[in-house]
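The opening residue of the sequence shown carries number 159 in the numbering used here; numbering runs sequentially from there. C-beta atoms are modelled at their ideal positions from N, C-alpha and C, and glycine is treated no differently. Being a predicted model, the structure only gives us computed values, none of them experimental. Beneath this line is the structure, given in structure tokens, with notes to follow.
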Amino acid sequence: MRLYVTGGTGLVGSNVIRLARGRGMEIIASQYGPEPEWSVDYQLDPLDFADHEGVRASIHKYQPDAVIHTAAILDQIFMDTNRELSWSIMVDGTRVLAEACRDVNARLVFVSSDWVFDGRADLVDESSPPCPVNFYGIMKVASERELGVMDGLNYGVGRLAGVYGLNYAAPSLARVDNGLGFDFSVYVIYRLAAGLPATVWTGPKVNDVAHPTLASDCADMLLRLAQVNENGVFHCFGSESISRVDLAHQIAKAFDADPALINTTVTDPAVLDVHRHIGIPFRTIASTDKTAQVLGRRAFNVGEGLQAFRVEWDAFWS
Ligand SMILES: NC(=O)c1ccc[n+]([C@@H]2O[C@H](COP(=O)([O-])OP(=O)(O)OC[C@H]3O[C@@H](n4cnc5c(N)ncnc54)[C@H](OP(=O)(O)O)[C@@H]3O)[C@@H](O)[C@H]2O)c1
């Protein structure tokens, strides 16, 4: 199988490539940011999703069997203050990519997010109506809809949530906590593994309850999604929801760290001020039943994910 991965130097994209390489797939990856730090034994294609002709030309050139589209902007402040550019990259870029996939008969897996929901429903599933509370979520919903109404497209939307893991392509890009939900697990793991205190913000304006997802595990779910024929939305995230404080304690347990290093406090007022115009879903609890049935397995629950990650972490640093 010839697989095209967008955002191949990102957290999710690098895990998709790592797994796909191990399964003998031929890989092409778009490259927007810095050069990957690992040894590249696949085809790299420089690409900016704001360049729609470039997107179309790249897919036509490589004629992949499947495309996993992980590339996205994740900086909430940037998106909110650069809406036209962000829409062009995230929504129009995804539509152009989908048209190109249709042209060459490639299946498209578009990576979306649990932030299509507002975090107020007791339980959401793959068919629940979205209700985003920020511009990022709006763009994810708009992209999902673009694919849903495109005649003749072979596609799956793979939603992710609270992804943690190792960015194998660019380990030095490991991001730090912004306190609002993204990369929270990564922050706690790096702190506790180094024997340093980890501070958990309990609110306001945090994504307190979510489905933490190990990057290598969702990479497997996305690869499965690339290989089935069913169109629609799939919840490819971890199969268990948990609060940030409980997650921090589970991380301490998995990494043999002292739980006394975990402390809780309210969200930093300076961060609250910067994010004052940006809505954050507080508590997203979602079913993954349909996805498990179609893809043949459920993604890891919290304990399984952390256990698997401990093995990856030890192997990576040894
Ligand atoms: N991280 C999470 O907790 C989370 C949760 C839910 C959903 N998601 C979704 O999962 C996907 C992957 O996220 P991630 O955590 O892996 O993010 P990431 O590490 O920041 O990777 C995103 C990649 O997007 C690429 N990119 C950004 N702007 C681009 C542009 N203008 N043109 C082309 N490529 C561009 C970059 O590609 P290069 O590699 O080429 O530099 C970057 O590595 C995204 O769609 C995100 O919305 C993530």
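**Message:** For Ser374, report the span of its beta strand (DSSP E) as first-last.
**Reply:** Counting along the chain, Ser374 falls outside any beta strand (DSSP E), though it belongs to the alpha helix (DSSP H) covering Ala373 to Ala384.
**Beta-carbon proximity of Ser343 to Gly310, cut-off 8 Å** = no
**Prompt:** For ligand 1, is there a heavy atom less than 7 Å away from the beta-carbon of Gly314?
**Reply:** no
**Message:** Whole angstroms are fine: how far does the CA of Ser188 sit from the CA of Gly212?
**Reply:** 11 Å
**Host beta strand (DSSP E) of Ser271 (start-end)** = Arg265 to Ser271
**Option in Tyr348, Gly314 and Val307 with minimal Cα separation from Gly323** = Tyr348
**Asked** Mapping DSSP to helix, strand and coil, what is Ile436?
**Response** coil
**Request:** Figure out for me which residue from Glu302, Phe467 and His433 has the closest Cα to the Cα of Asn389.
**Result:** Glu302
**Message:** Relative to the C-alpha of Gly361, which candidate in Asn312, Asp426 and Lys448 has its C-alpha closest?
**Reply:** Asp426
**Message:** Please identify the residue among Pro370, Arg434 and Glu257 whose C-alpha is closest to the C-alpha of Gly306.
**Reply:** Glu257
**Asked** Would you call the region 243 to 256 and the region 397 to 414 touching, i.e. three or more CB-CB distances under 8 Å?
**Response** no
**Asked** What separation, rounded to the nearest whole angstrom, lies between the Cα atoms of Val143 and Leu372?
**Response** Any question about residue 143 goes unanswered here, given that the chain covers just 159 to 476.
**Asked** Do the region 399 to 411 and the region 354 to 368 touch if we need at least three Cβ pairs shorter than 8 Å?
**Response** yes
**Request:** Please confirm whether Tyr220 and Tyr313 have their CB atoms less than 8 Å apart.
**Result:** no
**Item:** Opposing strand residues paired with Asp444 [DSSP bridges]
**Value:** The sequence given here has Ala at residue 444, not Asp. Val282, per the DSSP bridge assignment.
**Message:** Quick check on the burial criterion: 16 or more other C-beta atoms within 10 angstroms. Buried or exposed for Val261?
**Reply:** Rather than Val, the amino acid found at residue 261 in this sequence is Asp. Answer is exposed; the Cβ neighbour count stays below 16.
**Asked** Does the region 367 to 385 touch the region 282 to 296, meaning 3 or more C-beta pairs lie closer than 8 Å?
**Response** no
**Request:** Compute the beta-carbon to beta-carbon distance between Leu281 and Ala444, rounded to the nearest angstrom, for a pair I have assumed lies under 8 Å.
**Result:** 7 Å
**Asked** Since Gly166 and Ala377 are thought to touch, with beta carbons under 8 Å apart, how far apart are those beta carbons, to the nearest angstrom?
**Response** Between Ala377 and Gly166 the Cβ distance is about 12 Å, and since that is not below 8 Å, they are no contact.
**Asked** Do Phe392 and Leu453 have their C-beta atoms within less than 8 Å of each other?
**Response** yes
**Request:** Specify the secondary structure class of Tyr220 as computed by DSSP and reduced to three states.
**Result:** helix
**Item:** Boundaries (first-last residue) of the beta strand (DSSP E) holding Tyr313
**Value:** Tyr313 to Leu318 is the extent of the beta strand (DSSP E) around Tyr313.
**Asked** In terms of alpha-carbon separation, which member of Gly277, Ser476 and Glu193 lies closest to Gln201?
**Response** Glu193
**Cβ-based burial, Asn263 [other Cβ within 10 Å; buried from 16]** = exposed
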